[in-house]
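Just so we're aligned: 252 in the UniProt record's numbering is position 252 of the sequence shown, and the numbers increase by one with no gaps anywhere. Worksheet: one structure, shown below.
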Amino acid sequence: MAVTPSSASLEALQSLDLDPAFALHRGGKLEIRSTVPVRDAADLALAYTPGVARVCSAIADAPELAKDYTWISNVVAVVSDGTAVLGLGDIGPAAAMPVMEGKALLFKQFAGVDAVPICLDCTGVDELVETVVRLAPSFGGINLEDISAPRCFEVEARLREILDIPVFHDDQHGTAIVTLAALRNAARLTGRSLGELRVVVAGAGASGIAVSRFLLDAGVGDIAVADSKGLIHEGRDGLNPVKQALARDSNRAGLSGSIERALAGADVFVGLSGSTVSEEAIASMAPESIVFALSNPTPEVRPEIARKYARVVATGRSDFPNQINNVLAFPGVFRGAMDVRATTITENMKVAAAEALAAVVGDDLSADCVIPSPFDERVAPAVIAAVSAQARADGVARL
């Protein structure tokens, strides 16, 4: 029996549509359009039966032809289980769909990559891996999104081992690429090398761990990372294996206790935690300090407060200068990798993306411009070219 909406529910929907965010999302943000005309029987015979059978038979004999004669080489699966959505946490797959649709929209807008949002109703590592592996033949790349730590690390690692297409957890690597690019320019502005910087990171989830490791690999002098229980260090009880490994490789000063203690005299603060940091702690940092307060929608410290003491301040928001936004990285990274049909995304490819992104700023470098705008038309071409070239240099390109 058909269900008719009650007048009360219709009124509720109409009131939601008074909010421009709801009005924009009504009906979703995506659609599928054909790339070929079907005007008459001749077109139909080519696009579908009988013409399509010749293409299918050729692919059956030579599966690699699917990358030339289907959309696979230009389409990414945006996959989430809804367990770590933006700042909302574990809200489930249905509630995650607007974000995944938005991600797909950004792929198309900024790099011409088609993307399909896929929200999975499972959270076990084995289930997630098996499901994505079974879906993979339909896609040229897998963008993992908003999967909570520490499961996300294992899910990505296993998929990268099994699949021969790019697999990229954007919460980790997109954030890391853009953060490194901005930090390179902030260091250049303040006359320091990465090796001279002591960095403090708030947050040991997917992005916090990935950013910390990426910065360490890039040559940052030392990094101390704090989670909700304080600074991570060797000998601290209760660390999961991911944090134990990070403890071995970071915090060379052996600091323990609160993040405020670590910030005293530190050169850089990177916030990826959703927590708050006091004005006094920011004031205690070294001269010419750099503050990246990246939690959304509420930064760890308000930018106007941080600017009292720091030379460079960045956030994750679009209404302040220096927005650390993953859209600067992931569309170009996938486009560059897929253009050469890379089998994976290497560490060198991520470094190349960060360097290319930093270079876009060029002579425009200032305290309010250490990273380009997402709408700077130079960004995507620069990242695409750098990633494609590095894929060839690393021997993972098939074109």
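The beta carbon of each residue, even a glycine, is placed where N, CA and C say it ideally should be. Because the structure is a prediction, the values reported are computed rather than measured.
Selection from the options that minimises the alpha carbon distance to residue i
i           : options            : result
residue 170 : 182, 162, 153      : 153
residue 184 : 353, 232, 95, 377  : 353
residue 402 : 110, 213, 281, 396 : Nothing in the structure corresponds to residue 402, since the chain is present only between 1 and 399.
residue 147 : 134, 399, 172, 244 : 172
residue 376 : 385, 390, 327      : 327
residue 235 : 242, 229, 248      : 248
residue 383 : 61, 191, 178, 155  : 178
residue 336 : 68, 88, 59, 110    : 110
residue 216 : 194, 190, 230, 232 : 194
residue 144 : 91, 83, 54         : 83
residue 395 : 346, 370, 115      : 346
residue 321 : 126, 49, 372, 238  : 372
residue 385 : 212, 338, 344, 362 : 338
residue 192 : 288, 112, 229, 97  : 288
residue 24  : 305, 399, 98       : 98
residue 164 : 67, 219, 251       : 67
residue 417 : 380, 381, 343      : Since the displayed the chain opens at 1 and closes at 399, residue 417 lies outside it and no answer follows.
residue 117 : 387, 135, 332      : 135
residue 125 : 305, 11, 87, 81    : 81
residue 113 : 389, 399, 41, 380  : 380
residue 90  : 161, 332, 121      : 121
residue 390 : 308, 356, 70       : 356
residue 294 : 246, 32, 57, 87    : 87
residue 28  : 238, 286, 95, 306  : 95
residue 253 : 221, 34, 229       : 221
Presumed contact (8 Å Cβ cut-off) between residue i and residue j, rounded CB distance
i           : j           : result
residue 317 : residue 296 : 6 Å
residue 240 : residue 150 : 5 Å
residue 351 : residue 392 : Incorrect: roughly 15 Å between the Cβ atoms, too far for contact.
residue 78  : residue 132 : Wrong, their Cβ atoms sit about 11 Å apart, outside the cutoff.
residue 189 : residue 312 : 6 Å
residue 292 : residue 314 : 5 Å
residue 155 : residue 128 : 5 Å
residue 271 : residue 187 : Residue 271 to residue 187, Cβ: 18 Å. No contact.
residue 250 : residue 264 : The pair is not a contact, with the Cβ atoms about 18 Å apart (cut-off 8 Å).
residue 26  : residue 19  : At roughly 11 Å, the Cβ-Cβ gap does not stay under 8 Å, so residue 26 and residue 19 are not in contact.
CB of residue i within 8 Å of CB of residue j, strictly
i           : j           : result
residue 310 : residue 290 : yes
residue 334 : residue 107 : yes
residue 142 : residue 200 : no
residue 358 : residue 176 : no
residue 204 : residue 243 : yes
residue 207 : residue 233 : no
residue 137 : residue 119 : no
residue 174 : residue 269 : no
residue 55  : residue 47  : no
residue 59  : residue 139 : no
residue 115 : residue 85  : no
residue 38  : residue 44  : yes
residue 387 : residue 332 : yes
beta-carbon residue i near the ligand PLP non-hydrogen atom, thresh 7 Å
i          : result
residue 82 : For the ligand PLP, the structure offers nothing, since it holds no ligand at all.
Segment contact, 8 Å Cβ cut-off, at least three pairs: the stretch 90–108 with the stretch 358–370: no
Those runs of the alpha helix (DSSP H) which lie wholly inside the stretch 331–366 and span at least 4 residues: 347–361
Within the stretch 295–334, ranges of the beta strand (DSSP E) (whole runs, at least 3 residues): 310–315
Three or more C-beta pairs below 8 Å linking the stretch 158–173 and the stretch 215–228: Cβ pair count under 8 Å is below three, so no.
The stretch 297–306 in contact with the stretch 273–280 per 3-pair CB rule at 8 Å: These segments touch.
Those runs of the alpha helix (DSSP H) which lie wholly inside the stretch 214–263 and span at least 4 residues: Listed in chain order, they are 241–249, 259–263.
Ranges of the alpha helix (DSSP H) found wholly within the stretch 165–216, counting only runs of at least 4: 170–189
Inside the UniProt domain "Malic enzyme N-terminal" (27–160) only - beta strand (DSSP E) runs reaching at least 3 residues: Here the runs fully enclosed are 75–80, 114–119, 141–144.
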